Structure formats: structure tokens, C-alpha cells
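Step one of this worksheet: look at the structure below.
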Amino acid sequence: MSELRTALPKITTPLPGPKAQALIERRAKATPKAIGTAYKAVIERGEGAMFEDVDGNIFLDWIAGVGVLNIGYSHPELIEAVKAQSEKYFHSMFNITTHEPYVKLAEEMARITPVKGDEKQAFFVCSGSEADENAVKVAKNFTGRPNIIVFTGAFHGRTALTMTMTAKKSYAAGMGPFPDGVYRAEFPNLYRAPGDLEGQAAIDYYVKKLEEVFIEATPYDQCAAIVFEPVQGEGGFVPAPIEWVKAVRKICDEHGILMVCDEVQCGWARSGKMFASQYFKDAGCAPDIMTTAKSIAGGIPLSAIVARKEIMDKVNPGTIGGTYGANALAAVSALKVIEVMERDDYPGKAMHVADVIGSGLRELQKKYPCIGDVRGTGAMMGVEFVKDPVTKEPDADLVSRLVQNAMNKGLMLEAAGTYNNVIRILSPLCVTDEQMKAGLDIIESALAEETAK
1 MSELRTALPK ITTPLPGPKA QALIERRAKA TPKAIGTAYK AVIERGEGAM FEDVDGNIFL
61 DWIAGVGVLN IGYSHPELIE AVKAQSEKYF HSMFNITTHE PYVKLAEEMA RITPVKGDEK
121 QAFFVCSGSE ADENAVKVAK NFTGRPNIIV FTGAFHGRTA LTMTMTAKKS YAAGMGPFPD
181 GVYRAEFPNL YRAPGDLEGQ AAIDYYVKKL EEVFIEATPY DQCAAIVFEP VQGEGGFVPA
241 PIEWVKAVRK ICDEHGILMV CDEVQCGWAR SGKMFASQYF KDAGCAPDIM TTAKSIAGGI
301 PLSAIVARKE IMDKVNPGTI GGTYGANALA AVSALKVIEV MERDDYPGKA MHVADVIGSG
361 LRELQKKYPC IGDVRGTGAM MGVEFVKDPV TKEPDADLVS RLVQNAMNKG LMLEAAGTYN
421 NVIRILSPLC VTDEQMKAGL DIIESALAEE TAK
């Protein structure tokens, strides 16, 4: 094990350092500025929850490729699995040549995913956007209906359809017109429920808002699917309450609508279960279709769509598939991710991360009234910052300054939320206790400095 895996943050040059600055300048010339980055970090190598930049600075990464590295950087068993496969063949398009890694991964996905039905099938594409778009195609094929319902705060991708499904329209600026048949309901953000609503009264309010969509936008018999994230990602790490999910499941069952859970970000042990939808299945409200990506293959592009065979059997031939879906290198990496996560109890690791970091954040909330809410499911945690704890006016400026301050101290954090006033915690689940303490110390130091201004 390299010492980087257990290292602590250490910044020895002004950021960016000279080598990093040179590469950032090359980036500016060679790549579109629209891709964007607020960070002065240029990675050289990474292990566990840490990476070293080209100037020798060491960062603790609580962004992790926006949730891609639940298993950490450069896991040695993934490296060996991919190396071994690379000596056989890199690629075999599944529409042309059957290869075992794809078949075995589909079998494993059927085994571990908490979707409704006893006999399940899976297919693969390359990104979360593609997975979500394909889930909609499958739902429309099965139901023969044209419309879907999505939610405020949602992020589903950057294709034409998934930009439409995504709530925040800064991700779609200048890209219209958009596909028809996508309607939006209010997501149950209990922290921002109207008035004094809380508990079941708040749940009832959000269920009513969903039911209004069937009156004002799409009739029940024209709706193919209701699509939502079990824990919203870009929307600010807002968990879907179980009682609300039960109500959604009931609506779907009564009207022949498919419930689709987007686990692109919240899957792969992050929630304290292998998939957050397991909480729903345990409560009797499993989804019909589940999508997942990000941490599925430890950093190699891959995504999956899983549903019961009855649903998959209705898909029109030729409408799904693609060149790179479950490329052999990605598939063997994903198979090793499943093996390691189950063997080493990564859901348990997530709950430990949630306990240590969550407890630390809640202690900070007691000291700093600008922390309006600390929430999440398992190790998928969000910290919402406000200008006033009573009015809950969002404080995006403070979050922006905190992100920069923490980076200069060696901790990578990312903003999220409809108002850009949430810091999301996406630490690799292999983070050490010492690293978690160091991260919390940096957050407290940055908070003290920025709130004193």
C-alpha cells in the first residue's frame, strides 16, 4: 500500500502551482471553456480518498469524480482485473459478438438490484444520461404511452431528453427546443416545505402536488413513467421520504405507470445499502426500472438499466444497445467492484462515514447558524447554507467561498442545489478516520474564516 492512500492533506505551493498553471493554460487553449471548472487542481496520481497534483500538493477528495470513486482511486484489484482482460481483448460489441463479461455482469445486476419482479434483465450503455434516456424508452415501449413526470431539483443528464428532464435550466441554456411530453411535479424537500408543514402533513402536500400534474398536464392513461432520484444529487442531496415513495408506488400501481429510480449518483453502497432503492423495496415500494452509473466500474465509463423481464420483453428490436455498452474492460471492472463491495462491506463503510462526518457536521451546525440543514442518506450527505435560519434565504456566495477556501487547505468540496447553496459530501467510502477528521477540521477552519468576513 502506497503512503498516499493513508496521507493527509498537504499544500506546499500556492494554488495553482507552476506545473498546474501551465497545464490549466493549455487546457484553456485546447478545450471549450463551457466545460468549466472552479478548481485549481491538476491530478498526477490518486489512491484511496487522496490525490497528488503535478506540483506535489496532496488533496483529500470529497468530490471523487462527483460520486464515481466510491471504491476509491486506483483500487489494486480493479487494476489487476482490467490488466488481465486487456491481454485477451479490449472490446467486443455485444450487438455483434457475445462476450462473457457482459453476460455475467447482467446476471450480477439482476441479482443485486432491488427492482420489482423475480426475473430481471439488464443492459448497458456508457453514461448516466444514456441510462436515463434508455429507461424512458423502455417505459414508453412497455406502456405505449408518450409522457413522463419528473421533479423540481432533478438532474438526469445533458442529452436533449435528459436536459428536458433536468430541472435547473442553466444546464440547458440555448439548447432548445426540447422534446415534448415531459412534465414536472414538486419534489418533497421537507426542509423547504411551505409554511409550517412537517411530517405527514408535508408528505400529503407533496403527494397532492404530484396528483395535480395528472389534472393539469398529463392524464394518467398517457403517462408512461414517474422518474425520480432516491436521493437528489445536483438538487442538493435531498432524500425522497419513504412515505412519499409509497404514495408514488400506489399511484403507479393503480394507473399502469412505471416507477423509475435514477441511481446514477446514489447507487453503489453510497446510501448504506448497495442501492438506495433497497430501502424502498424493504418498505414494499420497489421501483419497476432502475438506472445506475458513476461508481459502477470504479471510473471506467459504464451505466446500466435494470427491469423485470416482462418489461424488457416489450422493447422494440433495434431501439436499444450501442457500440461501447459494457465494453469488456468496463464489465470486468464492474464485476470486481461488486465482488469487493460485497466482500469488504462497503455499505457498512458508508454508514461509518455517515456517522463520523455526519456527526461532525451536525456539531458545526450547532455553532454556525448559517448551516440551515444537514441531511442525506448514508454517506450521501448535503449541508445547506442560509443567510438566515428563519427565512432560509440561500447563501450561494458563502458556499462558493467555502469551496475555494477548503481547496486552498487541501480539501476538495463541491456545491450543489437549486440555489447553489449546498455542499455535497461524496468522499470515497475507503476514507480513513484520520482523513475524515482532517476534512472536518478544514471545513471548520474555512467556516470560521469566511463567516468572520
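Here my numbering is used: position 91 in the sequence shown is 91, and no number is missing along the way.
Note that the Cβ used here is the ideal one computed from N, Cα and C, for glycine as well.
The structure presented is a predicted model; accordingly, all values stated were derived computationally and were not measured.
Return the CA-CA distance between residue i and residue j, expressed in angstroms with no decimal places.
i	j	result
I58	L402	19 Å
D61	G318	41 Å
G67	S295	6 Å
D118	L335	21 Å
M259	E450	43 Å
N405	T98	50 Å
A269	N70	8 Å
K40	F214	47 Å
Y279	C126	26 Å
A438	V115	38 Å
I96	V103	14 Å
S359	G378	12 Å
P15	A22	Looking at the sequence provided, one finds Leu at residue 15 rather than Pro. Looking at the two C-alpha atoms, the distance is approximately 12 Å.
D441	L8	12 Å
T455	G299	It is not possible to answer for residue 455, since the shown part of the chain is limited to 1 through 453.
A110	G176	37 Å
G174	G128	22 Å
A160	V136	13 Å
R184	Y206	12 Å
V399	P188	23 Å
A283	D53	45 Å
Look up residue i in the DSSP assignment and say whether it is helix, strand or coil.
i	result
N421	coil
T432	coil
F178	coil
I300	coil
Q265	coil
L8	coil
N147	strand
P239	strand
C370	coil
F228	strand
F51	strand
L411	strand
Y183	strand
I58	strand
K19	helix
A326	coil
P347	helix
L69	coil
R26	helix
M109	helix
K120	strand
T292	strand
L258	strand
R270	coil
A193	coil
A154	coil
E234	coil
In terms of alpha-carbon separation, which member of the options lies closest to residue i?
i	options	result
G256	V182, G144, T451, A84	G144
T37	G46, E25, I242, E52	E25
V182	Y191, P101, I148	I148
E77	N408, R343, N420	R343
E80	I43, V337, E363	V337
Q222	G235, K140, S2	K140
A172	F124, T432, G157	G157
A452	D313, Y368, A110	Y368
V422	A276, A131, S170, K392	K392
V138	M407, A122, A247, G153	A122
G417	Q232, E216, A131, M175	Q232
G272	G382, S170, D345	D345
F228	D288, A193, D282	D288
G267	M93, G17, G235, M341	M341
I371	K10, R424, G299	R424
D132	A225, K208, A106	A225
E186	Y220, P219, V248	V248
M93	F124, E216, E107	F124
A193	P179, R184, D180, K208	K208
K246	A286, P301, F237, P239	A286
G236	E339, S427, R375, V332	R375
Could you tell me how far apart the beta carbons of residue i and residue j are, in whole angstroms, since I believe they sit closer than 8 Å?
i	j	result
M455	V353	Summary: the structure shown does not reach residue 455, with the chain confined to residues 1 through 453, and so no result is reported for it.
C454	G48	There is simply no residue 454 to check, as the chain begins at 1 and stops at 453 in what is shown.
M290	E310	Incorrect: roughly 15 Å between the Cβ atoms, too far for contact.
F142	K314	4 Å
A304	T292	5 Å
L190	A202	5 Å
D55	P18	7 Å
Would you say residue i lies against chain B (beta-carbon separation less than 8 Å)?
i	result
V337	As a matter of chain content, chain B is missing from the structure shown, which is built from one protein chain.
Is residue i close to the ligand HEM? I mean its beta-carbon at under 7 Å from any heavy atom of the ligand.
i	result
A217	Ligands are entirely absent from the displayed structure, and the ligand HEM is therefore not among its contents.
Validate contact between the segment 236 to 256 and the segment 155 to 170 using beta carbons, cut 8 Å, 3 pairs
no
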